[in-house]
Amino acid sequence: MLYQDLVKVYEALESTTSRLVMTDTLASLFRSTDCSHIKKIVYMTQGGIVPDFFPEKLGMADKLYLRTLLAATGANEAMVRKLWAEEGDPGKVTEKVFETKKQTTLFSEPLTLDRVYEALLRVARLEGSGSQETKMRCLADILHDAKPNEARYIARIVTGRMRLGVASQTVIDSLAVAFATKADKGAVERAFNITSDLGLVGETLCKSGIDGLNAMHVMVGNPIRAMLAERLPSPEEILERMGGRAMFEYKYDGLRVQAHITGDKITLYSRRLEDLTGQFPDVVKALREAFIGQTAILEGECVPVDINTGEMLPFQEVSHRRGRKHGLTEAIEDYPVRLHLFDCLYLEGEDLTMRSLPDRRTALTRCVKVTENVRLSEARVLDSTEKVQEFFIEALNAGCEGLMAKSINDDSVYRAGSRGYLWIKYKKEYRSEMTDTVDLVVVGAFHGRGKRGGVYGALLMATYNPEEDRFETACKLGSGFDDATLAILPERLSRFRQPSRHPLVESKMEADVWFEPSLVLEVLGAELSISPIHTCGHGHIRNGAGLAIRFPRFTGTFRDDKRPRDATTSQELMDMYNKQLKRVEG
Ligand code: ATP
1 MLYQDLVKVY EALESTTSRL VMTDTLASLF RSTDCSHIKK IVYMTQGGIV
51 PDFFPEKLGM ADKLYLRTLL AATGANEAMV RKLWAEEGDP GKVTEKVFET
101 KKQTTLFSEP LTLDRVYEAL LRVARLEGSG SQETKMRCLA DILHDAKPNE
151 ARYIARIVTG RMRLGVASQT VIDSLAVAFA TKADKGAVER AFNITSDLGL
201 VGETLCKSGI DGLNAMHVMV GNPIRAMLAE RLPSPEEILE RMGGRAMFEY
251 KYDGLRVQAH ITGDKITLYS RRLEDLTGQF PDVVKALREA FIGQTAILEG
301 ECVPVDINTG EMLPFQEVSH RRGRKHGLTE AIEDYPVRLH LFDCLYLEGE
351 DLTMRSLPDR RTALTRCVKV TENVRLSEAR VLDSTEKVQE FFIEALNAGC
401 EGLMAKSIND DSVYRAGSRG YLWIKYKKEY RSEMTDTVDL VVVGAFHGRG
451 KRGGVYGALL MATYNPEEDR FETACKLGSG FDDATLAILP ERLSRFRQPS
501 RHPLVESKME ADVWFEPSLV LEVLGAELSI SPIHTCGHGH IRNGAGLAIR
551 FPRFTGTFRD DKRPRDATTS QELMDMYNKQ LKRVEG
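Each step along the sequence shown adds one to the number in our numbering, with nothing skipped, and position 333 is 333.
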């Protein structure tokens, strides 16, 4: 397959914001493609070359890319730097440079998809001393034969800025349309949720159709996308929703970890599917001692504990352990953690995700020997609000955030990658009205005035609307930032700057600076109100108006464990608004 054929599709995708058109465009590409190419196309269209949880990452530093571009084209450095400053998009800069250069290049071989893919894979895999020069050579080799429009996308993907606006959901829809029917969307989604590898799902569908897809199971080594909980404000409502009886567990305030065990090899994944193994060798060791068996996928919460008392500490303490390359031994000693396992998704060759929670809990109990550092979540089956309230207080006293209520009915399967009422969280914040935190995405900023001159005065924050794949504004956030945070924000956000409003952002406000939705912040609001200027849930609660969070404050927590599409959804905010109203009226 020629790379140019893919680039033509990219151009078509970029020229529309309609998800329907995107879906059809991608579906016809998939249909006309040999199955051996599907994986590569799926990864590359989403800006990668492998599934997200693989170690290979693109994202060449701008400086190195610029050097490569200059070396590969012999273009005038001053001119390229000027263009770079004006455009801020390596893709456009590269295309312009190539348009000028093209008249002088006589010999070039048409680029194939395979050649571009292999070169990018090498670039991502090269590490260590001397790798920069080899990376440059690899990239220059494909750039040499690239047409201007091809060079645009090579530049974007290699610098980690593909930004075609194609969400996983769009790819899922297109795969269903291409190889099955629209009605099979759910099956495609499930296959993705249990493997986290959309390329593999696409290839399986292409080769073996819907039957092949339905035969896919969870696999040790492929992280399963996390099952998420809905929220309800009272034990009464929780029990009613659960049919009068449910399993209640401590809701630990830590880091969610999924352990993939096969023989002696243990890999730990975060909720964002990052490989945490290197950062938690102590957890790996503890699991090795506690697990009885050969292969399993277990899920739990990793909680920081006080070295002296063994008591649980706030989540923030565990963040000292994250992203560390140096001083790991000291960090393990200073910030010890304990794993509380709450689910078993696979055991000795059997996929348990379609089994009920009681069955999974039995499996978990059988395969784990409780030790000092590996325990099971504290759990109780309860059927009265008094008992729930008692257990809730007990959980708070133990240093937990509250309770997780889990359905124990026959249909209490593990719904990978989705939020629903099979699990319901009940947190201490619900005791007072509208003080639960939400996780919002930064989509814009306003220049500061007065004391905040030179830094951002406020950020424009948005919820996520998964139905439309859009980010909808919910507030301007200016409180809760200390001086140090204010000072680093422009730098933290600079990578995501956009010349104008990002196409996925719905906003009626004009921000001074726009960003690609990326950074997620935890925000505490005082109340929710109807607002004509915000777009969150626009038109759903009142015609011509959306929802706004009043008196929002940054809690100080950067939710780096969440991707923008994991942020609080517009629907969740609407649900919070409706519940708040009910209680105020009642
Ligand atoms: P969400 O994960 O629902 O998007 P969030 O990240 O703000 O929201 P919480 O509101 O704290 O998280 O609730 C869900 C999280 O609680 C889970 O992702 C998991 O990390 C954690 N958790 C703690 N204890 C348990 C438990 N016993 N069972 C399931 N999850 C638990």
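Using N, Cα and C, we set each Cβ at its ideal position, and we do this for glycine too.
Span of the alpha helix (DSSP H), counted from its first residue to its last, around residue i
i: H37; result: 35 to 45
i: K451; result: K451 -> no alpha helix (DSSP H), and no H or E assigned at all.
i: G300; result: Element bounds for G300: not the alpha helix (DSSP H) but the beta strand (DSSP E), 295 to 304.
i: M79; result: 77 to 87
i: C206; result: 198 to 214
i: Q389; result: 385 to 397
i: F280; result: Where F280 is concerned, there is no enclosing alpha helix (DSSP H), given that its DSSP letter is neither H nor E.
i: F30; result: 19 to 31
Residue i versus the options, residue with shortest Cα-Cα distance
i: S196; options: E378, I172, V505; result: I172
i: V505; options: L460, A545, A526, F481; result: L460
i: S479; options: D334, L298, R550; result: R550
i: I393; options: L524, E249, E317; result: E249
i: A72; options: T16, P51, K8, L143; result: L143
i: G588; options: I41, F471, D483; result: Given that the chain is displayed from residue 1 to residue 586, the structure contains no residue 588 and the question cannot be resolved.
i: T474; options: H534, S18, G88, A545; result: Per the sequence shown, residue 474 should be read as Ala rather than Thr. Of H534, S18, G88, A545, the residue nearest in Cα terms is H534.
i: F179; options: L26, V50, V284; result: L26
i: R324; options: P314, D275, R452; result: D275
i: L239; options: D561, T385, P51; result: T385
i: A286; options: G244, G327, I332; result: I332
i: E348; options: L364, D264, T295; result: T295
i: R355; options: Q571, E133, V218, Y117; result: V218
i: L352; options: D145, P564, I194; result: I194
i: A379; options: A246, L339, R81; result: A246
Other residues of its chain near residue i: CB distance less than 6 Å, five sequence neighbours each side excluded
i: T159; result: M60, Y65, P90
i: D566; result: none
i: P552; result: C475, L477, V523, G525
i: W84; result: V93
i: L313; result: P304, D306
Sequence-distant residues of the same chain with beta carbon closer than 7 Å to residue i, five excluded per side
i: M574; result: G537, H540, I541, L547
i: E99; result: P148
i: A511; result: G444, A445, F446, L460
i: G586; result: Here the model assigns G586 a pLDDT of 29, short of 50, so the residue's position is not dependable, and the following value carries that caveat. Counting only Cβ-Cβ distances below 7 Å, and skipping sequence neighbours, we find nothing.
i: T569; result: T463, Y464, N465, P466
i: I424; result: A229, E230, R231, L232, I238, R241, A405
i: Y577; result: L528, I541, L547
i: I210; result: A180, D184, A187
i: F291; result: I261, C367, V368
Supposed contact pair residue j and residue i - C-beta distance, whole angstroms, cut 8 Å
i: M1; j: T112; result: 7 Å
i: E56; j: R125; result: 6 Å
i: I157; j: L120; result: 7 Å
i: Q279; j: R321; result: 6 Å
i: K92; j: R152; result: 7 Å
i: V220; j: Y414; result: The pair is not a contact, with the Cβ atoms about 15 Å apart (cut-off 8 Å).
i: R360; j: D343; result: 6 Å
With 16 other Cβ atoms within 10 Å as the buried cut-off, status of residue i
i: P20; result: With the sequence shown as reference, residue 20 is identified as Leu, and Pro is not the correct amino acid for it. It counts as exposed.
i: P223; result: buried
i: G48; result: buried
i: I266; result: buried
i: P517; result: buried
i: Q316; result: exposed
i: R431; result: Here R431 scores only 36 on pLDDT, less than 50, and its place in the model should not be relied on; the value that follows carries that caveat. Exposed.
i: V166; result: buried
i: E95; result: buried
i: M162; result: buried
i: D282; result: buried
i: I488; result: exposed
i: S531; result: buried
i: V177; result: buried
i: M216; result: buried
i: P110; result: exposed
i: S500; result: exposed
i: M79; result: exposed
N- and C-terminal bounds of the beta strand (DSSP E) containing residue i
i: D359; result: That residue, D359, is in no beta strand (DSSP E); its alpha helix (DSSP H) goes 357 to 367.
i: K425; result: 419 to 427
i: D439; result: 437 to 447
Proximal residues to residue i (C-beta, below 8 Å), its chain only, five neighbours per side dropped
i: C35; result: E203, C206, K207
i: F515; result: V442, V443, G444, A445, L493, F496, R497, Q498, H502
i: V318; result: G254, L255, C302, V303, P304, Y335, V337
i: F192; result: S168, I172, L198, V201, R225, G417
i: R67; result: M136
i: L273; result: D52, F53, S196, P223, R225
Any non-hydrogen atom of ligand 3 within 6 Å of residue i CB
i: K39; result: Ligand 3 is not part of the structure shown, which contains ligand 1 as its ligands.
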